[in-house]
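As they're listed, the protein sequences go chains U and V.
Following my numbering, the numbering of the first sequence begins with 23 at its first residue and continues without gaps.
Following my numbering, the numbering of the second sequence begins with 265 at its first residue and continues without gaps.
The block underneath contains the structure these notes are about, expressed in structure tokens.
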Amino acid sequence: MGGADAAGATGGTFTGNRALMLEEALIFEIGDADRTGVDLPAPPEVASRLGGLERNRPIGLPGLSEPEVVRHYTRLSRQNYAIDLGLFPLGSCTMKHNPRLNEKMARLPGFADIHPLQPVETVQGGLALIDLVGEWLVKLTGMAAVAMSPKAGAHGELCGLLAIRSALEVRGDARKVILVPESAHGTNPATAAFCGYAVENIPATTEGRVDLAALKARLGPDVAGVMITNPNTCGLFEREMVAISAAVHAAGGLVYCDGANFNAIVGRVRPGDLGIDAMHINLHKTFSTPHGGGGPGSGPVVLSEALAPYAPLPFIEKDGDRYRLVEEETAGEHHAASFGRMVAFHGQMGMFVRAAAYMLSHGADGLRQVCEDAVLNANYLLRSLEDVLDAPFGPSGPCMHEALFSDDNLADGFTTLDIAKGLIDEGFHPMTMYFPLVVHGAMLVEPTETESKAALDQFIGALRSVAKRAQAGDPALKAAPIHAPRRRLDETAAARKPVLVWRDPAPQAEAAE
Amino acid sequence: MRYLPLTDADRAEMLSVIGARSIDDLFVDVPAAARLSGPIAGLPLHASELSVERQLRGLASRNLSAGDAPFFLGCGAYRHHVPASVDHLIQRGEFLTAYTPYQPEIAQGTLQALFEFQTQVARLFGCDVANASMYDGSTACWEAIVMSRRITRRAKALLSAGLHPHYVSVCETMARFTGDTLVTATPDLAEGAPGDDLATLIAAIDGETNCVVVQNPNILGHVADLSELAARCHEKGALLIAVVTEPVSLGAIRSPGEMGADIVVGEGQALGVGLQFGGPYVGLFATRDKYVRQMPGRLCGETVDAAGQRGFVLTLSTREQHIRREKATSNICTNSGLCALAFTIHMSLLGERGLRDLAALNHAMAVRAAERLAGVPGVTLVNGAFFNEFTLRLPKEARPVVRAMAERGVLGGVSLGRLYPGAADLANGLVVAVTETVADEDVEALAAALTEALA
Chain U
23 MGGADAAGAT GGTFTGNRAL MLEEALIFEI GDADRTGVDL PAPPEVASRL
73 GGLERNRPIG LPGLSEPEVV RHYTRLSRQN YAIDLGLFPL GSCTMKHNPR
123 LNEKMARLPG FADIHPLQPV ETVQGGLALI DLVGEWLVKL TGMAAVAMSP
173 KAGAHGELCG LLAIRSALEV RGDARKVILV PESAHGTNPA TAAFCGYAVE
223 NIPATTEGRV DLAALKARLG PDVAGVMITN PNTCGLFERE MVAISAAVHA
273 AGGLVYCDGA NFNAIVGRVR PGDLGIDAMH INLHKTFSTP HGGGGPGSGP
323 VVLSEALAPY APLPFIEKDG DRYRLVEEET AGEHHAASFG RMVAFHGQMG
373 MFVRAAAYML SHGADGLRQV CEDAVLNANY LLRSLEDVLD APFGPSGPCM
423 HEALFSDDNL ADGFTTLDIA KGLIDEGFHP MTMYFPLVVH GAMLVEPTET
473 ESKAALDQFI GALRSVAKRA QAGDPALKAA PIHAPRRRLD ETAAARKPVL
523 VWRDPAPQAE AAE
Chain V
265 MRYLPLTDAD RAEMLSVIGA RSIDDLFVDV PAAARLSGPI AGLPLHASEL
315 SVERQLRGLA SRNLSAGDAP FFLGCGAYRH HVPASVDHLI QRGEFLTAYT
365 PYQPEIAQGT LQALFEFQTQ VARLFGCDVA NASMYDGSTA CWEAIVMSRR
415 ITRRAKALLS AGLHPHYVSV CETMARFTGD TLVTATPDLA EGAPGDDLAT
465 LIAAIDGETN CVVVQNPNIL GHVADLSELA ARCHEKGALL IAVVTEPVSL
515 GAIRSPGEMG ADIVVGEGQA LGVGLQFGGP YVGLFATRDK YVRQMPGRLC
565 GETVDAAGQR GFVLTLSTRE QHIRREKATS NICTNSGLCA LAFTIHMSLL
615 GERGLRDLAA LNHAMAVRAA ERLAGVPGVT LVNGAFFNEF TLRLPKEARP
665 VVRAMAERGV LGGVSLGRLY PGAADLANGL VVAVTETVAD EDVEALAAAL
715 TEALA
């Protein structure tokens, strides 16, 4: 059992626990097939209609009583870092405060307990809510239309590229290439490949922006479009965005913008004014829906006039004060050019409610302040740290919502990884590491607008201290973290011989004897 | 503005540290023509918590929620009772507000829960391994076809007539752009054989076939033995992909893995997640050990730390988009972590016994309801075998009947006319789901509403 091993390894306690830090076995080690945490009424006596397919062997699930379940997951939760516990400076990922009002609203039965196939007359409020969020997104971005159904940012990228491809096909133009700058998120090239495009990279300038000359040189009749992140993953605004869009359009292509960093410009810049044709918006990043340890996300896509007719099904139309759901059946009467359906139902309703609560709370004035404070906090970090950490694009001017550093001035053998693990011992989640790829040993730091100056100053102090230890070659830093629930984990061993499910150890133990 | 901690004095002090005169100095890289001088017009200004709550409650009250009506909808989204502790636990800030576990030393809670989730899903589906979740069942279904194409290097997929039509639509949308060939069909309402096209599928498998995709229980609620289909697929070098939209069914019937499926995908919404008008849901994805490196999505694996203690990490990331870019197995970046957590907590509460009891209860109540509803004049039960969902053939079109029942406050099922708008011979079909949340008086209310609507 894990507990006994842990006791030996930590050289401390019989249980392996360290006071309030409690070790926890797997449910398969503490559960029992005969135990359960639910009380159900006895089923009525009927003749089975399972057609002879009755399950005839155990599933192999452990059962736990309710108190055991509550304790198990509560203990596990305490081994996690979270935005509720402290600053979470993950560049490009945007971890900001998650208001609990959003959670409360998403749980109203009128939103949480309605079925996607209910008659539309019985879900008018649900359709109105989706329409409300869509209207905010269209106005904030200055675009013509919005597709609400994509399930996450990368799914939104797929939506945007399918719209681009549909528009080109309608034009009779079977272009095969998507250009992607090397600073792009890995999802961008993966998405382009996933819908059948060849992907070509566009280099960055030494200033950390798209090389406009290189881009122009590559444009031609085979290029369907470009995927650009703006503000980009170096934390910089693409100054030439209008020129980039114009050049792509002139060459017959379309412009996709990765909107992961929309929180840096929301309320101050409308992407529609920059010539963008499609952009997804990660609701969790800009509009504070919780990340939940990896998801769910939600990736509505705003579309220009050129792409609006190709929006996926289903979509919502307002007819007086009544909302209509346009599905396969009626699509022809509305937008014959829709490229089809991307998901089974209507997208991430639970996330739309949370985003709506956030939008209404902030209002147009508050969202503008969000953007200003996010940018102010990032520049404050950049200028407060650039004397200890190499900031390759520091001289390029102000950053947007995130600040980029490199591992250039650390002692030999010390890397970004050591800085990150040192920060864990200081009580902070590390910044984004080794991304973007255009910078060696990148550290991408994004404080967001919900951090106070005091929190920033504490983080700056901690990062300065860890950076100085890495510059001095402090060997103790190589052992970090030492105060976390686990020391450095062996990721190589995990990949070499993957153990992805729990298997009952008993037969193996018998075999060994 | 209650979510923003900076004061004007803080802002002024920070600007001076930066060496900027005003906030505008930080936006110099934005072209002047694209800079907005004030808040965007046409949107309201910030509002108090009370005011926001009032507005959103107003919208919510315009919906008829499932708890306020006799409720019988299924077809890919099921209403089950979720124990109170599930929602309590997933709302703990350390789960709710954590990021993807890229720093495993301080994310063991999420990682261990995902490892347990993977094990539960693999066992439930009768497979060796499962991933740490996908967006939903429909997108997982397409990902399985892509994975199967990669394994077999063939591009023709046969989709069963019993596969959820929205899942078919998702696959058709994608296949148009990727060049995959999909062979599809619509179900048959003939009595005793609803969507029972296994023989047709078997006959259609040839040397070009990449995979056969079959849903069990299918869109009409019918359950089938997939063993022979699996054997025929394997003879011809094709894979069998099984789709499960109602995971509770596996507490009562044999798993697709046990019947020979190579990839099993599913919708996990029924356990822990709730209806939520269609999302977020949680896609389940499991397969055999030998295909693990072809799998899409996140995987959590066991390892040890520097002190020799057991721990968990995200692993095999060389398949993923952030490493492989355009050569990745999928473009998926996020998973449905929190929904997967809700699923795994609900499963932990149920355990082997609870899941089997829940499945038995669902089945028995559905059988009783089916018999009662088949007694309504003019109504016939189409299914021979089913789990908790079945199809009724009505003497007239089901869509107006569903609307008429809704006007009487009864959410009586899903009309096949809504799911298959083009198929006239399916228009009289009504799919009815009965779970443990349905009381006997609800069934009586449905029988009465149906009788009246058909009169």
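We treat Cβ as the ideally placed atom computed from N, Cα and C, and that holds for glycine.
Under the rule that 16 or more other beta-carbon atoms within 10 Å means buried, what is residue i, buried or exposed?
i: residue 708 of chain V; result: exposed
i: residue 287 of chain U; result: buried
i: residue 569 of chain V; result: buried
i: residue 587 of chain V; result: exposed
i: residue 102 of chain U; result: buried
i: residue 705 of chain V; result: exposed
i: residue 527 of chain U; result: exposed
i: residue 192 of chain U; result: exposed
i: residue 431 of chain U; result: exposed
i: residue 284 of chain U; result: buried
i: residue 198 of chain U; result: exposed
i: residue 462 of chain U; result: exposed
i: residue 42 of chain U; result: exposed
From residue i to residue j, what does the alpha carbon distance come to, in whole angstroms?
i: residue 494 of chain V; j: residue 527 of chain V; result: 11 Å
i: residue 296 of chain V; j: residue 294 of chain U; result: 14 Å
i: residue 628 of chain V; j: residue 77 of chain U; result: 15 Å
i: residue 425 of chain V; j: residue 269 of chain U; result: 47 Å
i: residue 545 of chain V; j: residue 280 of chain V; result: 47 Å
i: residue 262 of chain V; j: residue 128 of chain U; result: Residue 262 of chain V cannot be examined here, being either before or after the span of chain V that is shown, 265 to 719.
i: residue 271 of chain U; j: residue 277 of chain U; result: 8 Å
i: residue 366 of chain V; j: residue 63 of chain U; result: 43 Å
i: residue 24 of chain U; j: residue 666 of chain V; result: Any reading at residue 24 of chain U must be qualified, since the residue scores a pLDDT of 43, below 50, and its modelled position is unreliable; the value itself is stated next. Residue 24 of chain U and residue 666 of chain V: Cα-Cα distance of roughly 55 Å.
i: residue 130 of chain U; j: residue 324 of chain V; result: 7 Å
i: residue 472 of chain V; j: residue 444 of chain V; result: 11 Å
i: residue 111 of chain U; j: residue 485 of chain U; result: 11 Å
i: residue 334 of chain V; j: residue 311 of chain V; result: 37 Å
i: residue 700 of chain V; j: residue 514 of chain V; result: 15 Å
i: residue 384 of chain U; j: residue 314 of chain U; result: 22 Å
i: residue 685 of chain V; j: residue 138 of chain U; result: 17 Å
So is residue i in contact with chain B if we call contact Cβ pairs under 8 Å?
i: residue 599 of chain V; result: Here the protein chains are U and V, and chain B is not one of them.
Name the chain U residues that come within less than 7 Å of residue i, Cβ to Cβ?
i: residue 323 of chain V; result: 147, 150, 151
i: residue 371 of chain V; result: 102, 103
i: residue 489 of chain V; result: 75
Along chain U, which residues have their Cβ under 9 Å away from the Cβ of residue i?
i: residue 701 of chain V; result: Simply none; closest approach about 10 Å.
i: residue 629 of chain V; result: 65, 66, 68
i: residue 272 of chain V; result: Near residue 272 of chain V there are no residues of chain U at all, since even the closest Cβ is about 11 Å away, more than 9 Å.
May I ask which residues mark the beginning and end of the alpha helix (DSSP H) holding residue i?
i: residue 322 of chain V; result: 313-324
i: residue 713 of chain V; result: 704-718
i: residue 272 of chain V; result: 272-282
i: residue 210 of chain U; result: 209-216
i: residue 4 of chain U; result: Residue 4 of chain U lies beyond the residue range present for chain U, which begins at 23 and ends at 535; the question has no answer from this structure.
What residue does the beta strand (DSSP E) around residue i start on, and which one ends it?
i: residue 479 of chain V; result: 473-479
i: residue 301 of chain U; result: 300-302
i: residue 126 of chain U; result: Premise fails: residue 126 of chain U lies in the alpha helix (DSSP H), 122-128, not in any beta strand (DSSP E).
Give the C-beta separation of residue i and residue j to the nearest angstrom, bearing in mind that I take them to be a contact with Cβ-Cβ under 8 Å.
i: residue 548 of chain V; j: residue 478 of chain V; result: With 8 Å as the limit, residue 548 of chain V and residue 478 of chain V do not qualify as a contact, their Cβ atoms being about 16 Å apart.
i: residue 516 of chain U; j: residue 309 of chain V; result: Not confirmed; about 50 Å, so no contact.
i: residue 530 of chain V; j: residue 556 of chain V; result: Contact doesn't hold; Cβ gap of about 18 Å is too wide.
i: residue 410 of chain U; j: residue 159 of chain U; result: Not really, about 40 Å apart at Cβ, beyond 8 Å.
i: residue 206 of chain U; j: residue 280 of chain U; result: 7 Å
i: residue 367 of chain U; j: residue 542 of chain V; result: 3 Å
For residue i, return the contacting residues in chain U, with the cut-off set at a CB-CB distance below 8 Å.
i: residue 619 of chain V; result: 81, 83
Could you tell me which chain V residues have their CB closer than 8 Å to the CB of residue i, listed as they occur along the chain?
i: residue 369 of chain U; result: 542, 543
i: residue 279 of chain U; result: In chain order: nothing, as chain V lies at least about 13 Å away.
Cβ closer than 9 Å: which chain V residues qualify as neighbours of residue i?
i: residue 120 of chain U; result: 357, 360, 361
i: residue 408 of chain U; result: The premise fails here: residue 408 of chain U is roughly 11 Å from chain V at the closest Cβ pair, so nothing lies under 9 Å.
i: residue 264 of chain U; result: 295, 297, 298
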